[in-house]
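Worksheet: one structure, shown below.
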Amino acid sequence: MTESPDPLLPSARSAPAVPYASYLRVYEPLAAFAEPERTHWAEYARRGTAPTAQDELRRSLADLVRVPLVGVPEHESADAFTAEVDGVLLVCPWRTRLRGWLALEELVDQFPLPVLDAALPPVARRRAAEEYERWRERNPDARPWIRTGVWQIPLRWFVLVADEEREYVPGERLRYRTPMVQARRRLARALRTLRAAEGYGMLAEGLVEVGSWLEEFHPRSMVELDYGGLVHALSADRLAADRSAGDLAAGIAALRAGDAEGAEEVYWGLAERWRAVRERLFAN
């Protein structure tokens with residue numbers, strides 16, 4: 001699932017934007033999966049061959065340049081990201097095909113029709129939409145474990161994590177990992193504050209939507225906010241100094257304390273920094 005206003009993997013012709021994506025992932029314990037999927041993931045983890053985020057990216061790019069274009073992969077991925085926390089195996093299925101369908105649904109609102117037709121012919125989009133409709137009838141409760149932002153990190157994602165959970169390895173990754181219970185608690189508290197203030201309606205609406213998504217998962221899950229390819233697009237100095245989660249938390253705390261001016265300064269400064277990053281999507 002992509003995060004508005006940015007599309008996920010829109011087409012082969014826009015593929016250069018793909019590496020510069022960020023991700024919000026949920027890792028669930030094996031207990032959250034019904035059989036036979038539970039056994040599949042247990043054996044998958046036991047083999048110790050779980051692919052990396054770069055592996056997923058390479059496979060996605062390979063699907064995008066197929067001829068003829070198919071819009072989304074023809075088969076669902078059987079891969080996942082895995083992690084072990086306190087001796088508990090956590091799994092984040094890729095569900096690449098589902099995410100592709102969801103991305104296609106959003107493309108109409110993201111690109112002018114002539115551009116969309118040139119990138120992905122109407123017949124391919126129509127075929128993908130029909131396949132998704134039939135699949136959805138058989139899987140009405142399906143949801144993705146991964147959300148994607150291209151050339152951005154939606155500010156509402158930062159509400160879920162705390163500055164002390166930040167992990168930065170220069171040239172490799174910048175991510176936050178937090179227990180699901182903490183993510184939900186932070187979201188609920190922030191939402192109460194934002195709803196009581198003026199001028200933060202869009203952020204509050206975004207949190208409601210993210211909260212509804214999080215409620216679909218096991219309470220002992222882990223939430224991961226991963227800067228993904230942005231670590232290769234932004235300067236090392238910029239990444240080292242980035243404290244977006246802490247900044248947003250400070251802004252919400254100021255709002256809660258009645259300091260509307262201080263909160264506005266923090267929030268709009270943060271929004272402007274990420275707007276400047278997001279606009280690179282449209283640069284030549």
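All residue numbers for the sequence shown refer to full-length UniProt numbering, where the first residue is 1 and numbers rise by one.
Virtual Cβ for every residue (Gly too), placed ideally from N, Cα, C.
With contacts defined as CB atoms closer than 8 Å, residue 183 and residue 123 fail to qualify as a contacting pair. DSSP places residue 200 in no alpha helix (DSSP H); its state is neither H nor E.
By the CB criterion at 8 Å, residue 216 and residue 143 fall inside the cutoff.
Between the region 165–181 and the region 94–102 there are fewer than three C-beta pairs closer than 8 Å, too few to call the two in contact. Note that the C-beta distance between residue 151 and residue 278 is below 8 Å.
Taken through DSSP and simplified to helix, strand or coil, residue 217 comes out as coil.
Per DSSP, residue 252 is one residue of the alpha helix (DSSP H) stretching across 244–256.
Rounded to whole angstroms, the gap between the alpha carbons of residue 154 and residue 242 is 15 Å. Counting C-beta pairs closer than 8 Å gives fewer than three between the region 124–137 and the region 78–86, which falls short of the contact rule. Contact between residue 148 and residue 23 is confirmed by a C-beta separation of about 6 Å, below the 8 Å threshold. Residue 28 counts as buried, since at least 16 other C-beta atoms from the protein chains shown sit within 10 angstroms of its C-beta. A direct Cα-to-Cα measurement between residue 208 and residue 190 gives close to 11 Å. Going by beta carbons, residue 78 and residue 218 fall outside the 8 Å limit. For the 8 Å CB-CB criterion, residue 247 and residue 214 do not form a contact.
Judged by DSSP secondary structure, residue 93 falls within the beta strand (DSSP E) whose first and last residues are 88–93. In the same chain as residue 162, and ignoring 5 residues on each side of it, the C-beta atoms closer than 8 Å to its own belong to 176, 178, 182, 186, 245, 246, 249, in chain order.
The residue from 192, 25, 273 with its alpha-carbon nearest to that of residue 95 is 25.
In this structure, the CA atom of residue 170 is about 24 Å from the CA atom of residue 272. Membership of residue 84 in the beta strand (DSSP E) is indicated by the continuous run 80–85.
When secondary structure is reduced to three states using DSSP, residue 235 falls in the coil class, being assigned neither helix nor strand.
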